[in-house]
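Working notes, beginning with the structure itself.
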Amino acid sequence: MLSMAAKKFGLKCKIFMGAKDIKRQRPNVEAIKKNGAKIVPVTTGSQTLVDAVSECMRYWVSNCDTAHMCVGSTVGPNIFIKICAWSTAQISRELIKQVKEEFGRIPDKLKLINCVGGGSSAAGFWNEFMDTNAEFIGVEAGGPKNSNLHAAPLTNGSKIGILHGAAQYVIQDKEGQIGSTESISAGLDYPGISPLHCFLKDAKRAKYTSASDEEALKAYQLVSKLENISPSLEPSHAFAEAIKLAPKLKSSEVIIVNSCGDSLKDKDIIQRKLGSYAR
Ligand SMILES: Cc1ncc(COP(=O)(O)O)c(C=O)c1O
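My numbering runs 12 ahead of the 1-based position in the sequence shown.
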């Protein structure tokens, strides 16, 4: 999105991306390059999202006379969270209209399920429903089934720490050093979570759970087979929760899942894990 916007307005654009993510999100890298943006590989730390955000912030503070920083999630210092959440809220501005058209009103029992990495798509998906009875369910990345590593600070009781200029629940060691994460989904593979979601959890306005890599892959398979969509691995985590919940619900209850990304960017991972990828 950012590279497209930069191209439209004739601006130079650098995208900081972890070296591991450059490899596992190859189609995204190709699209960014096609738009004329420069990819800056980040080779520090785990070479994923968390390191890319750190490196981007370092670049920005050293070049703030000539550069703006854009953050693709509701993370970082306060104003970046606000800019991002306001932008992503467009989805719920449209969704609330569609829900009213479809059901004549907002259903009494409505669950809005969204995956949560930094938390931007969930914040946007829920925004217009904040003052309604809608139940919010955020699904973090539980990581591989047989591993202690995950990217689910809220589900696993992580303590408050500081990451990227904001206090938040964050995976950390006893000394407060940021801990390692693991997830099949590059977009959810982040040790922290937006302060916005920390607040929604503490206020009990939203519930948070996690889905494992394996559950997300299974959900991807099922949804791609039965629905006319092909979700990326991030929303596949949300679909995994919907698949767990749906059999327990009455027919009057409504679930809406935000299929917030397309599987094309994950085709290499899906091909490797499932043996085939077809759209
Ligand atoms: C398709 C998609 N969905 C969700 C996310 C997770 O981000 P957030 O938690 O900010 O919504 C990402 C992050 O890159 C993504 O690419």
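Every residue gets a Cβ at the ideal spot worked out from N, C-alpha and C, and that includes glycine.
Beta-ladder partner(s) of residue i, from DSSP
| i | result |
| --- | --- |
| residue 83 | DSSP, once it has assigned bridges, lists no residue as partnering residue 83. |
| residue 219 | 149 |
| residue 184 | 190 |
| residue 127 | 151 |
| residue 30 | 54 |
| residue 274 | 243 |
| residue 172 | 181 |
| residue 18 | According to DSSP, residue 18 bridges with nothing at all. |
| residue 122 | 266 |
| residue 163 | 153 |
Anticipated Cβ contact below 8 Å, residue i with residue j, distance rounded
| i | j | result |
| --- | --- | --- |
| residue 133 | residue 270 | 6 Å |
| residue 176 | residue 65 | 6 Å |
| residue 58 | residue 192 | 6 Å |
| residue 173 | residue 188 | 5 Å |
| residue 27 | residue 14 | 7 Å |
| residue 106 | residue 123 | Between residue 123 and residue 106 the Cβ distance is about 18 Å, and since that is not below 8 Å, they are no contact. |
| residue 196 | residue 229 | 7 Å |
| residue 67 | residue 54 | 5 Å |
| residue 51 | residue 16 | In fact, because the Cβ distance is near 15 Å, the residues do not count as touching under 8 Å. |
| residue 60 | residue 32 | 5 Å |
Nonlocal neighbours in the same chain, by C-beta distance under 6 Å from residue i, ignoring five residues either side
| i | result |
| --- | --- |
| residue 19 | 47 and 48 |
| residue 276 | 39 |
| residue 94 | none |
| residue 204 | 175, 180 and 182 |
| residue 101 | 136 and 139 |
| residue 165 | 181, 182, 183 and 205 |
| residue 236 | 242 |
| residue 248 | 228, 231 and 232 |
| residue 97 | 86 and 135 |
| residue 291 | 242 |
Contact set for residue i: own chain, Cβ-Cβ below 7 Å, skip 5 residues either direction
| i | result |
| --- | --- |
| residue 80 | none |
| residue 121 | 264, 265 and 266 |
| residue 111 | 118 |
| residue 56 | 63 and 67 |
| residue 251 | 231, 235, 243 and 269 |
| residue 44 | 15, 27 and 51 |
Residues near residue i by beta carbon distance below 8 Å, same chain, minus five either side
| i | result |
| --- | --- |
| residue 69 | 81, 88, 176 and 177 |
| residue 274 | 242, 243 and 244 |
| residue 159 | 194 |
| residue 144 | 118 and 122 |
| residue 104 | 136, 137, 138, 139, 140 and 141 |
Are the region 199-217 and the region 121-137 touching by the rule of at least three beta carbon pairs closer than 8 Å? yes
Between the region 133-141 and the region 202-219, are three or more C-beta pairs nearer than 8 Å? Contact holds: three or more Cβ-Cβ distances are below 8 Å.
Can we say the region 226-244 touches the region 205-212, given the rule of at least three CB pairs closer than 8 Å? no
Using 8 Å as the cut-off, can you tell me whether the region 224-235 makes contact with the region 153-167, which would need three or more C-beta pairs spanning the two stretches below that distance? In short, these stretches touch, since the Cβ pair count reaches three.
Do the region 250-257 and the region 274-283 touch if we need at least three Cβ pairs shorter than 8 Å? no
Hey, is the region 178-195 in contact with the region 86-94, meaning 3+ C-beta pairs nearer than 8 Å? Remark: three or more beta-carbon pairs, one from each stretch, lie closer than 8 Å, so the region 178-195 and the region 86-94 are flagged as touching.
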